[in-house]
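In what follows, a single structure is set out as structure tokens and then discussed.
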Amino acid sequence: MEYFLGSVKIMLIVYGLSAFIAMLVAGIIKLIFAGIRRQRVSAAAKVDAAVNPSSMPANSEPGKAA
Amino acid sequence: MQEIDFLYIFQGIATMVASDPLIVFARIVLILLGIAFVYLGAKGTLEPLIMIPMGVGMSSVNAAVLYLSKTTMGTIFLDPMASEPSQLMDVLQINFLQPIYTFTFSNGLIACLVFMGIGVITDIGYMLISPFRSMFIALCAELGTLLTFPIAVAMGLTYKEAASIAMVGGADGPMVLYTSLILAKDIFVPITIVAYLYLSLTYAGYPYLIRLMIPKHLRGIKMDSKQIPSFTTAEKMTFAVITCTLLCLLLPVAAPLFMSFFLGIIIRESDVKPFVEFISGPVLYGSTFFLGLLLGVLCEAATILNPKVILLLFLGITALLISGIGGIIGGYIVYWASGRNYNPVIGIAGVSCIPTTAKVAQKEARDANKFAMILPWAMGANICGVITSAIIAAVYVTLLR
Numbered sequence: 002m003e004y005f006l007g008s009v010k011i012m013l014i015v016y017g018l019s020a021f022i023a024m025l026v027a028g029i030i031k032l033i034f035a036g037i038r039r040q041r042v043s044a045a046a047k048v049d050a051a052v053n054p055s056s057m058p059a060n061s062e063p064g065k066a067a
Numbered sequence: 095m096q097e098i099d100f101l102y103i104f105q106g107i108a109t110m111v112a113s114d115p116l117i118v119f120a121r122i123v124l125i126l127l128g129i130a131f132v133y134l135g136a137k138g139t140l141e142p143l144i145m146i147p148m149g150v151g152m153s154s155v156n157a158a159v160l161y162l163s164k165t166t167m168g169t170i171f172l173d174p175m176a177s178e179p180s181q182l183m184d185v186l187q188i189n190f191l192q193p194i195y196t197f198t199f200s201n202g203l204i205a206c207l208v209f210m211g212i213g214v215i216t217d218i219g220y221m222l223i224s225p226f227r228s229m230f231i232a233l234c235a236e237l238g239t240l241l242t243f244p245i246a247v248a249m250g251l252t253y254k255e256a257a258s259i260a261m262v263g264g265a266d267g268p269m270v271l272y273t274s275l276i277l278a279k280d281i282f283v284p285i286t287i288v289a290y291l292y293l294s295l296t297y298a299g300y301p302y303l304i305r306l307m308i309p310k311h312l313r314g315i316k317m318d319s320k321q322i323p324s325f326t327t328a329e330k331m332t333f334a335v336i337t338c339t340l341l342c343l344l345l346p347v348a349a350p351l352f353m354s355f356f357l358g359i360i361i362r363e364s365d366v367k368p369f370v371e372f373i374s375g376p377v378l379y380g381s382t383f384f385l386g387l388l389l390g391v392l393c394e395a396a397t398i399l400n401p402k403v404i405l406l407l408f409l410g411i412t413a414l415l416i417s418g419i420g421g422i423i424g425g426y427i428v429y430w431a432s433g434r435n436y437n438p439v440i441g442i443a444g445v446s447c448i449p450t451t452a453k454v455a456q457k458e459a460r461d462a463n464k465f466a467m468i469l470p471w472a473m474g475a476n477i478c479g480v481i482t483s484a485i486i487a488a489v490y491v492t493l494l495r
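The following block contains the structure:
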């Protein structure tokens with residue numbers, strides 16, 4: 002009986018650890034893509050600002066930045 | 095003139111005459127089973143890539159038993175039990191499949207090569223569509239891998255043997271081979287044979303389970319293809335490199351499997367055509383061929399007469415059935431959690447028999463509604479299934495080795 006209960010305990014540990022690692026992998030995917038998308042948005046904003054300076058917010062002009 | 099003993103010339107028959115009746119019966123059954131595997135493989139009922147070489151190996155090895163000395167019988171195919179260096183050197187020079195067995199099979203290399211090939215043919219982009227949902231479904235579809243473990247222990251197997259047969263629930267042949275080689279070397283042959291036999295049957299069995307558990311109107315739910323974002327090669331490679339490194343760091347015991355799979359993915363994404371063609375062709379098909387052949391050759395009567403085989407047959411089918419049910423339950427949970435916008439059939443693809451279960455899911459959805467396209471989501475759950483199976487195998491091996 003003890004041997005069987007030990008196997009149930011092992012099963013729960015295995016599932017808990019595996020679920021944690023699997024969700025960690027999914028979290029990494031989300032983080033990587035959040036980072037990449039953010040980088041893309043900021044790069045696009047920079048390009049946009051370079052092409053059309055009037056579209057920049059007023060406080061982002063060099064003279065008014067401070 | 096010296097008298098000729100014809101039985102000595104036809105030693106396959108002579109060894110049958112001289113053997114125990116049970117062994118003779120088992121040899122005849124295995125020869126017939128091997129021929130049946132070839133027939134069913136060629137017909138497409140069973141997976142031909144594995145079953146044809148396996149069937150030929152099985153029938154040949156059980157026919158070709160001869161006298162190795164005056165008292166011992168055996169074959170000149172391979173000796174899986176040779177381990178002493180001098181004995182190993184002898185058999186390496188005599189048994190024609192021994193070099194392949196010793197240098198690729200018994201150390202798990204062949205499983206890693208198959209895994210590398212799977213990586214090369216896998217588009218990781220599918221997994222990136224909705225990683226949490228796909229990973230959740232894959233975890234539900236591991237229910238068989240987990241519940242079969244205590245069931246097997248209750249039926250008298252040791253922890254190591256129970257974990258090895260429970261891995262059949264992951265429906266991933268190389269993973270079962272890898273785990274059983276490390277944890278249960280004495281019974282890895284029957285476990286792997288049971289695994290491959292059942293895996294080749296999933297294509298036939300799972301559609302009935304889907305139809306039994308999911309009504310037709312739910313099977314035909316259309317997925318919104320606008321949800322599918324596009325991913326660049328750089329994004330996919332970044333994910334593969336980081337995940338591979340992290341998994342190797344966390345679970346070094348399965349690092350060869352992780353590295354092989356993600357290396358395959360990275361090679362595919364880097365688009366180095368000679369490598370892609372080499373790994374997806376000669377490496378993948380060569381490994382699969384020799385895997386099938388070696389499994390067949392290992393099916394000698396003495397090995398298969400292990401009393402645990404019947405138990406393994408029962409536990410293997412139990413593991414696959416529970417995993418299929420778990421996957422569909424996972425599909426239902428996501429269906430309800432997403433406001434009934436998710437096709438629950440995708441759940442079956444969490445069982446990581448890549449890409450078979452994803453194809454089964456797509457076929458069932460299309461049979462219910464000819465406009466239902468669920469393959470990208472099913473492939474996502476399928477790839478997550480491969481990763482969760484590898485993680486569970488690694489945790490079992492780390493805890494029980």
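If you read the protein sequences in the order shown, they are chains A and B.
Position one of the first sequence corresponds to residue 2 (the numbering used here), numbered consecutively onward.
Position one of the second sequence corresponds to residue 95 (the numbering used here), numbered consecutively onward.
Quick reminder that beta carbons are idealized off the backbone N, C-alpha and C, glycines included.
In this text the structure is predicted, and so the values were computed from the model without any measurement.
Of the candidates B:449, B:119, B:184, B:420, the residue whose Cα lies closest to the Cα of residue 237 of chain B is B:420.
C-alpha of residue 313 of chain B to C-alpha of residue 323 of chain B: approximately 24 Å in a straight line.
Taking 8 Å as the cut-off between beta carbons, none of the residues of the region 260 to 288 of chain B comes near chain A. The beta carbon of residue 463 of chain B lies closer than 8 Å to those of 313, 314, 315, 316 in the same chain, with the five residues before and after it left out. Comparing C-alpha distances from residue 194 of chain B to each of B:431, B:174, B:354 shows the shortest one belongs to B:174.
Around the beta-carbon of residue 144 of chain B, 16 or more other beta-carbon atoms lie within 10 Å, marking it buried. Residue 461 of chain B and residue 418 of chain B have their C-alpha atoms roughly 19 Å apart. Contact annotation: residue 285 of chain B and residue 406 of chain B have beta-carbon atoms nearer than 7 Å.
In this structure, the straight-line span from the alpha carbon of residue 264 of chain B to that of residue 275 of chain B is close to 16 Å.
Under the rule that a run must span 4 or more residues, the alpha helix (DSSP H) segments found entirely inside the region 238 to 299 of chain B read 253 to 260, 267 to 277, 282 to 293. Ranking B:106, B:245, B:473, B:171 by CA distance to the CA of residue 4 of chain A puts B:245 first. Within chain B, the residues 233 have their CB atoms less than 8 Å from the CB of residue 20 of chain A, given in chain order.
Residue-level contact by beta carbon fails for residue 42 of chain A and chain B, as no gap is shorter than 7 Å. With the criterion set as a beta carbon lying under 9 Å from some beta carbon of chain A, the members of the region 324 to 353 of chain B are 325, 326, 328, 329, 332, 333, 336, 337, 340, 341, 344, 345, in sequence order. Under the Cβ distance rule, residue 392 of chain B does not count among the residues neighbouring chain A, no pair being separated by less than 7 Å. DSSP places residue 306 of chain B in the helix class (H, G or I) of the three-state scheme. When Cβ pairs closer than 8 Å are counted between the two stretches, the region 320 to 339 of chain B is seen to touch the region 359 to 378 of chain B, the count reaching three or more. Boundaries of the alpha helix (DSSP H) harbouring residue 156 of chain B: 142 to 157, taken from the DSSP string.
Here DSSP, grouped into helix, strand and coil, assigns residue 102 of chain B to helix.
Contact fails between the region 182 to 196 of chain B and the region 394 to 413 of chain B, because fewer than three Cβ pairs, one in each stretch, are under 8 Å apart.
Chain-order list of chain A residues neighbouring residue 248 of chain B: 5, by C-beta distance under 7 Å. DSSP places residue 453 of chain B inside the alpha helix (DSSP H), whose first and last residues are 450 to 462. What residue 229 of chain B touches in chain A, judged by beta-carbon distance under 8 Å, is 23, 24, 26, 27, going in chain order.
Membership of residue 476 of chain B in the alpha helix (DSSP H) is indicated by the continuous run 469 to 494.
Among the CB atoms of chain A, none fall inside 7 Å of the CB of residue 470 of chain B.
If you draw a straight line from the Cα of residue 450 of chain B to the Cα of residue 37 of chain A, it is about 33 Å long. When DSSP states are grouped into helix, strand and coil, residue 161 of chain B belongs to the strand group.
Residues of the region 477 to 488 of chain B whose Cβ lies closer than 7 Å to any Cβ of chain A, in chain order: 481, 482, 485, 486.
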